Every structure is written in C-alpha cells, then in structure tokens.
Amino acid sequence: MFIVHSTVTVPEGKTEEVIDIYRNRSRQVDQAEGFMSFELLQNDKSPEELTVQIKFEDKKSYLNWVRSDDFKRIHELEKKYPDKELAGIVPKVQMFSVVAE
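Written out as structure tokens, the structure is:
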C-alpha cells in the first residue's frame, strides 16, 4: 500500500471553507486504478492544519494518477480558485510505503 499526505495550514477564518471544498470534491481520484481511499484530516491541536490522506494499492498506481489528465485538470482548477489566498497555499507532501500492518 502507498499513502500520500498533503498538509496545509489554512489562513485564519477559512478552515470551514476549505473543509467544504473537500466535502464537495470532484471524486475523480476515486476512479483511478489502484485507488483505495481518501480522507481529509484535521489536526486536533491546530484545527487550521488540514491533511489530505490518499491511499493507493501501490506507488505505481499513485504515479499513474498524478501523471493523468484528470489530475492535471483538477489541480489547474485549484490554481484558478477565486480566493487568491487559498489558491496560493502550497502543501507539504509526504509519501509513505506501508511496510507492516
């Protein structure tokens, strides 16, 4: 299994707006080969810190997703988000291979 975390710190007062964006996400990734799950995590101690966690069967499936036209289209839309402060957030991305369960 391959897990990717994409963490952002949301500007003050905009956390619920970002959560709503993810609640209404396109779900394109759900159709990707090897996709297993998507979760949006909120840090209990720092609620403005949000982490997208996606799981794929393997790294190859994840890399196929990020190279796909659907991935590129979704992320281009994010750059055009009307709230420039939110559109300009750069996430910290971490990738993990599951080595034991």
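Take -19 as the starting number for the sequence shown in this note's numbering and just add one per residue.
For glycine and all other residues, C-beta sits at the position ideal for the given N, C-alpha and C.
Note that the structure is a prediction, hence the values are computed from the model and not measured.
### Message
Need the endpoints of the beta strand (DSSP E) that Leu34 sits in, please.
### Response
Here residue 34 refers to the residue found at position 54 of the sequence shown. Residue 34 is actually Ile in this sequence, not Leu. Unbroken beta strand (DSSP E) run through Ile34: 29 to 36.
#### Entry: Cβ pair Glu28, Thr(-11) closer than 8 Å
By 1-based counting over the sequence shown, the position of residue 28 is 48. By 1-based counting over the sequence shown, the position of residue -11 is 9. It is a contact, given that the beta carbons lie within the stated cut-off.
### Query
Out of curiosity, what's the CA-to-CA distance linking Asn4 and Ala80?
For this step, residue 4 is matched to residue 24 along the sequence shown. For this step, residue 80 is matched to residue 100 along the sequence shown. Cα to Cα, Asn4 sits roughly 33 Å from Ala80.
### Query
So which of Glu(-4), Arg53, Ile34, Lys52 has the shortest CA-CA distance to Glu78?
Counting from 1 along the sequence shown, the entry for residue 78 is found at position 98. It should be pointed out that residue 78 corresponds to Val in this sequence rather than to Glu. When each option's Cα is compared against that of Val78, the closest is Ile34.
### Task
Following the continuous beta strand (DSSP E) through Ile(-17), name the residue where it begins and the one where it ends.
As a first step, residue -17 is located in the sequence shown; it is residue number 3 there, counting from the start. Run containing Ile(-17): -18 to -11, per the beta strand (DSSP E) assignment.
### Task
Would you mind stating whether Val32 and Leu20 have Cβ atoms separated by less than 8 Å?
Along the sequence shown, read from residue 1 onward, the residue named residue 32 stands at position 52. Along the sequence shown, read from residue 1 onward, the residue named residue 20 stands at position 40. Yes, they are a contact pair.
### Task
Spatial neighbours of Ser(-14) within its chain, please: CB distance less than 6 Å, with the 5 preceding and 5 following residues excluded, ordered by chain position.
Numbered from its first residue, the sequence shown carries residue -14 at position 6. Here the set comprises Val32, Pro71, Val73.
### Message
Do Ser48 and Thr14 count as a contact pair if the criterion is CB distance below 8 Å?
### Response
Residue 14 sits at position 34 when you count from the first residue of the sequence shown. Residue 48 sits at position 68 when you count from the first residue of the sequence shown. Residue identity check: residue 14 is Gly in the sequence provided, not Thr. Taking 8 Å as the Cβ cut-off, Gly14 and Ser48 do not qualify as a contacting pair.
### Beta carbon of Val(-2) nearer than 8 Å to that of Leu30
On the sequence shown, position 18 is the one that residue -2 refers to. On the sequence shown, position 50 is the one that residue 30 refers to. Yes; because the gap between Cβ atoms is below 8 Å, this pair is in contact.
### Task
Report the three-state DSSP secondary structure of Val73 (helix, strand or coil).
Sequence index remark: in the sequence shown, residue 73 carries index 93 (1-based). Val73 falls in the strand class under three-state DSSP.
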